[in-house]
Amino acid sequence: MANELNSFDIQEILKLLPHRYPMLLVDKVVDYKPGEHLHAIKNVTINEPIFTGHFPEQPIFPGVLILEAMAQATGLLGFKTVENRSENELYLFAAIDNARFKQPVLPGDTMHLHVNFVKERRNIWKFSAEAKVEGNIVCSAEIMCARREF
Numbered sequence: 001m002a003n004e005l006n007s008f009d010i011q012e013i014l015k016l017l018p019h020r021y022p023m024l025l026v027d028k029v030v031d032y033k034p035g036e037h038l039h040a041i042k043n044v045t046i047n048e049p050i051f052t053g054h055f056p057e058q059p060i061f062p063g064v065l066i067l068e069a070m071a072q073a074t075g076l077l078g079f080k081t082v083e084n085r086s087e088n089e090l091y092l093f094a095a096i097d098n099a100r101f102k103q104p105v106l107p108g109d110t111m112h113l114h115v116n117f118v119k120e121r122r123n124i125w126k127f128s129a130e131a132k133v134e135g136n137i138v139c140s141a142e143i144m145c146a147r148r149e150f
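Last residue of the sequence shown? That's 150 in the numbering used here, and every number before it is there in order.
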């Protein structure tokens, strides 16, 4: 029996995340299992406004935006994990630990964002996260998010 993937497109992402251009950094989700893992895609293009200043002669996607993309993926996993969530609920960065950058991300790269749920305690969720390009890890970190209702 074939293993079916759970996926969703940009329309579902827009329903779940409050981010909009230019800060929305997840293009699609190719697989997820609530309470366990999520695999998302971020296509990095030269048209992104960050490249006008980082760096014009040698464009490199900023590390902080790689971390933000991984954090957005954790938010998507969190939203897909919680049933009957409030419309006013958000996941906010609480901490980033052990962030490591292995190689630069360049225009034309496709980042594969892999996040795994680790644990939850008192509405603080912990995830392990990796960003990969062509199968190589470009960034890894432990991310904690606070689940809050506004």
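Here a beta-carbon is modelled for each residue, glycine too, at the ideal position from N, C-alpha and C.
What whole-angstrom Cβ distance do residue i and residue j have, given they're in contact under 8 Å?
i             : j          : result
isoleucine 13 : valine 29  : 7 Å
isoleucine 41 : leucine 67 : In fact, because the Cβ distance is near 17 Å, the residues do not count as touching under 8 Å.
For residue i, which residues from the same chain have a beta carbon less than 6 Å from its beta carbon, with the 5 sequence-adjacent residues on both sides left out?
i          : result
lysine 132 : His112
Taking the C-alpha atoms as reference points, what is the distance between residue i and residue j?
i            : j            : result
proline 59   : threonine 45 : 10 Å
leucine 24   : alanine 94   : 19 Å
lysine 119   : glutamate 57 : 42 Å
valine 138   : lysine 102   : 5 Å
methionine 1 : histidine 54 : For methionine 1, the pLDDT reaches just 45, beneath the cut-off of 50, and the residue's location in the model is therefore unreliable, although a value from the coordinates is still provided. Their backbone Cα atoms lie some 47 Å apart in a straight line.
alanine 71   : threonine 52 : 24 Å
Only counting the same chain, and skipping five residues up and downstream in sequence, which positions put a Cβ closer than 7 Å to that of residue i?
i            : result
glycine 35   : Thr81 and Phe117
arginine 147 : Gly78, Glu89, Tyr91, Asn123 and Trp125
Taking residue i as the reference, give the member of the options with the closest Cα.
i            : options                         : result
glutamate 48 : Leu65, Ser140, His114 and Ile96 : Leu65
tyrosine 32  : Asp9, Asn43 and Pro22           : Asp9
valine 26    : Glu87, Val115 and Pro104        : Val115
I'd like the list of long-range same chain contacts for residue i, defined as Cβ closer than 8 Å, with 5 residues on each side in sequence excluded.
i          : result
proline 62 : Ile50 and His54
- Item | Segments assigned beta strand (DSSP E), at least 3 residues, entirely inside the region 40 to 110 | 89 to 101
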